[in-house]
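Those protein sequence lines, which keep their order, are chains W and L. Everything in the first sequence is counted per the numbering used here, starting at 1 for the first residue and increasing by one. Everything in the second sequence is counted per the numbering used here, starting at 396 for the first residue and increasing by one. Data first, discussion second: the structure below is written as structure tokens.
There are 2 protein chains.
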Amino acid sequence: MRIVVFGGDGFCGWPTALRLSDIGHDVVIVDNLSRRNIDNELEVSSLTPIQPIGTRLATWKELKVKDIPFLNFNIAEHYHRLLTLLRDFEPDAVVHFAEQRAAPYSMKSSWHKRYTVNNNLNATNNLLAAIVESGVDAHVVHLGTMGVYGYGMIEGVPIPEGYLKVKVETQAGDLIDQEILYPANPGSIYHMTKTQDQLLFAYYNKNDKVRVTDLHQGIVWGTQTEQTKIHQNLINRFDYDGDYGTVLNRFLMQAAIGYPLTVHGTGGQTRAFIHLQDSVRCVELAITHPPQKGERVRIINQMTEAHRIADLAQLVSRLTGATIDYLDNPRNEAEINSLNVVNSTLVRMGLKPTTLESGLMEEVIGIARAFASRADLSKIPCRSKWIGDAGQPTS
Amino acid sequence: MRIVVFGGDGFCGWPTALRLSDIGHDVVIVDNLSRRNIDNELEVSSLTPIQPIGTRLATWKELKVKDIPFLNFNIAEHYHRLLTLLRDFEPDAVVHFAEQRAAPYSMKSSWHKRYTVNNNLNATNNLLAAIVESGVDAHVVHLGTMGVYGYGMIEGVPIPEGYLKVKVETQAGDLIDQEILYPANPGSIYHMTKTQDQLLFAYYNKNDKVRVTDLHQGIVWGTQTEQTKIHQNLINRFDYDGDYGTVLNRFLMQAAIGYPLTVHGTGGQTRAFIHLQDSVRCVELAITHPPQKGERVRIINQMTEAHRIADLAQLVSRLTGATIDYLDNPRNEAEINSLNVVNSTLVRMGLKPTTLESGLMEEVIGIARAFASRADLSKIPCRSKWIGDAGQPTS
């Protein structure tokens, strides 16, 4: 298949592009390198020594004799370049990772809120409008987030794969069954843009029959995949800072440098997780199982296990001997929640999950300890204020 | 009160600004004159001879000895000017009309889809981010649309004021009551942006306690209000073209020039209506009945009567003697729908509606016939294609 990976230089995009190329697809990467530029802004860098995209792709070509063309442009801004690409390349599928994807970053200041809304919504709308205008029947595989559901789920009702069955009472007193998009309850500006993306997908799917799979992903952990491990020049990024570092990455980093694990609030928040290798495999499964023309947006929950943050800290503490430090929670969220998520679609398609229990030691040894000397200790805690406008962080 | 009217040079914004000034509020108008520029693009103009904003405001000042300062800038682009205005003027309320508001215009081409999404969402997000950053506790009164509900309503269930009561079944088989934002079902890119606005309001309301009233307005008819009638320089705009002219305005125009009334499809589509004078009064009522701090977004249905398009054509035909012409429907929508809408909030606040039956002859005589000689006949039918990308219209 011909596949464009938008955002193909990023943490999920890069290993996805390599996997799709490796199994025989014709892959093109589009990326404006915004994630690398944000590293400059935040004065941080990947713990792992990631190489420039040119070096990455030259190495891949040398090893695999496979060319992955790379185009550096912003799909939220340069619509006509996007349209021309779709018309010329005629992709069967496009993978849409081209969004600002950190909740804390989206809350840093008014500028960051505005950047996230402007970038994410124009990127998605431009992509959909260009598919319609080009007439190319490309299947859109989008990385959504479990966060569209929020974490105030209805007690005793598992989160379904995107659509909720409800009953509505008529004036005559009868109960009518309806199936609706799961009510949005985003916890940050970033998550909110993903709930707005859902409305874009629903609209273009209804009006123009654009085929869409929206993958509501949990927190991704793990750094390497089968493909990124092949050569050091292909190594994937590992973020441990307060904005882009996921909770698990921060724990691993903190443990590796002998810093206490920082848990925000009670640690009673339950979150969904998936290993990067499984995430990449899920995108592949979504591409090879496209919706039919006219089928409504397919929504899949891309997570394999749920854990409380406090339990996660204890798991890392047990593996590494690190202590745990409880801090105030900057997020405007419930201190304790349960999480019960339906995730049968991907398992049915053939996903065999990697569990935290089995895979975490590899991260501790192969990544966190191996590259600990590259860490900037001052960048580890989360400093974004969730309420009001924080301005530029002063730390 | 101190009130900013964003989009205060437009069809609803102008009479709203005058009304609020007339009853004693301190009003500032912000507008980038985009609606007048779109007239240039579409090569159409208001049937009524509207005056430049400078002339309008000079006349108002002369007649009423009241100054309405006018600032020409785009709130979707010039965030810092917006922020400075909020900090300096410290408004008690802001009325947000600063959005592209025509469904057919939003569907003309990819460019128009992209303009509408970019303009409307950045305008709303910038306004909310600036309120949070400024720390000004301004009540946001936003013009939404009945179109957020779509016209495929649940049979036998009246459309509530924004929130729908549903029952959800737990794993144990119990039914739990939930109240959710009415499931979005927009019929155009324009309507979709208003459903996305709802998610912006819900988010900033939940996270930052911004006070918001969202008025889901029906189709506005009527041209003049008590204030715009005072002097010819204050006259309001009347659009009859295929993009911005509402169905009723087009009927009135067609009747005035002896052109058959064009009904798209069977005319079985039911729509909600409200007279402009009532619309302006509703905004005033919303401002004088603000939500409490911490109260969820208040959603009010701003409509006073519902009619089938075919019945409306017959009413105009009866009043004017015009014939009726049935054309294909360019919109991707059901041919027949019913509409049962709860609109008790505004009536409870004191609204006394003007009915179509009683007010329509004034429009026929005072506007359509009075200015018929200014009409460009070629601009009357709707030429936007709803599905696919139509490019620039060739007519």
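Each residue gets a CB set at the ideal place from its N, CA and C atoms; glycine is no exception.
Residue environment for GLY187/W: buried (at least 16 other C-beta atoms within 10 angstroms of its C-beta). Under a criterion of Cβ atoms nearer than 7 Å, no residue of chain L is adjacent to TYR105/W; the nearest Cβ is some 15 Å distant.
The closest CA to that of GLY551/L, considering only SER106/W, MET107/W, VAL168/W, is found on VAL168/W.
Within chain W, the residues LEU199, LEU200, TYR203 have their CB atoms less than 8 Å from the CB of MET587/L, given in chain order. As the crow flies, the alpha-carbon of SER440/L is around 13 Å from that of PHE406/L. Residue burial annotation: PHE201/W is buried, with at least 16 other C-beta atoms found within 10 angstroms of its C-beta. Within the model, the alpha-carbon separation for VAL65/W versus SER358/W is close to 33 Å.
In the same chain as ILE526/L, and ignoring 5 residues on each side of it, the C-beta atoms closer than 6 Å to its own belong to ALA533, VAL605, in chain order. Here ALA306/W carries a strand assignment [DSSP, helix/strand/coil]. Among the CB atoms of chain W, none fall inside 7 Å of the CB of ALA471/L.
Look at the segment 534-559 of chain L: the residues with a C-beta under 9 Å from a C-beta of chain W are ILE549, GLU550, GLY551, VAL552, PRO553, LEU559.
Look at ALA667/L here: in three-state DSSP terms it is strand.
Taking a beta-carbon distance threshold of 7 Å, GLN171/W counts as an interface residue toward chain L. The alpha-carbon of PRO52/W is positioned some 20 Å away from that of GLN100/W. The beta-carbon distance between ILE731/L and MET698/L, rounded to whole angstroms, is 19 Å. This is too long to meet the 8 Å contact definition.
Here the alpha carbon of LEU538/L sits roughly 25 Å from the alpha carbon of GLY449/L.
For PHE596/L, the enclosing alpha helix (DSSP H) covers residues 584-603. When LEU312/W, GLN227/W, ASN329/W, ARG281/W are compared, the shortest CA-CA separation from ASP22/W is found for GLN227/W. Here DSSP, grouped into helix, strand and coil, assigns GLN619/L to coil. The Cβ of LYS167/W sits closer than 7 Å to at least one Cβ of chain L.
Put simply, of ALA412/L, VAL536/L, ASP462/L the residue whose alpha carbon is nearest the alpha carbon of ALA681/L is VAL536/L. Under DSSP, GLN178/W takes part in a beta bridge, and its partners are VAL166/W. Shown here for THR618/L: same chain residues with a beta carbon closer than 6 Å to its own, the five before and five after excluded, namely ASN631, PHE633, ILE762 in chain order.
Secondary structure at VAL297/W: coil, using DSSP grouped into helix, strand and coil. Within the segment 652-686 of chain L, not one residue has a Cβ closer than 7 Å to any Cβ of chain W.
Taking 7 Å as the CB threshold, VAL512/L lines the interface with chain W. Under the DSSP assignment, GLN649/L falls in the alpha helix (DSSP H) whose first and last residues are 642-651.
Contacts with chain L (Cβ-Cβ distance below 7 Å) from the segment 77-102 of chain W involve TYR79, listed in chain order. Taken through DSSP and simplified to helix, strand or coil, VAL439/L comes out as coil. Contact check between the segment 755-772 of chain L and the segment 646-654 of chain L: three or more CB pairs, one atom from each, fall below 8 Å, which counts as touching.
The Cβ neighbour count for GLY568/L, taken over all protein chains shown within 10 Å, is under 16; the residue is labelled exposed. DSSP, reduced to helix, strand and coil, places HIS139/W within a strand of the structure shown. Within the model, the alpha-carbon separation for VAL759/L versus GLY716/L is close to 12 Å. Taking every protein chain shown into account, the CB of ARG713/L has fewer than 16 other CB atoms within 10 angstroms, so this residue is exposed.
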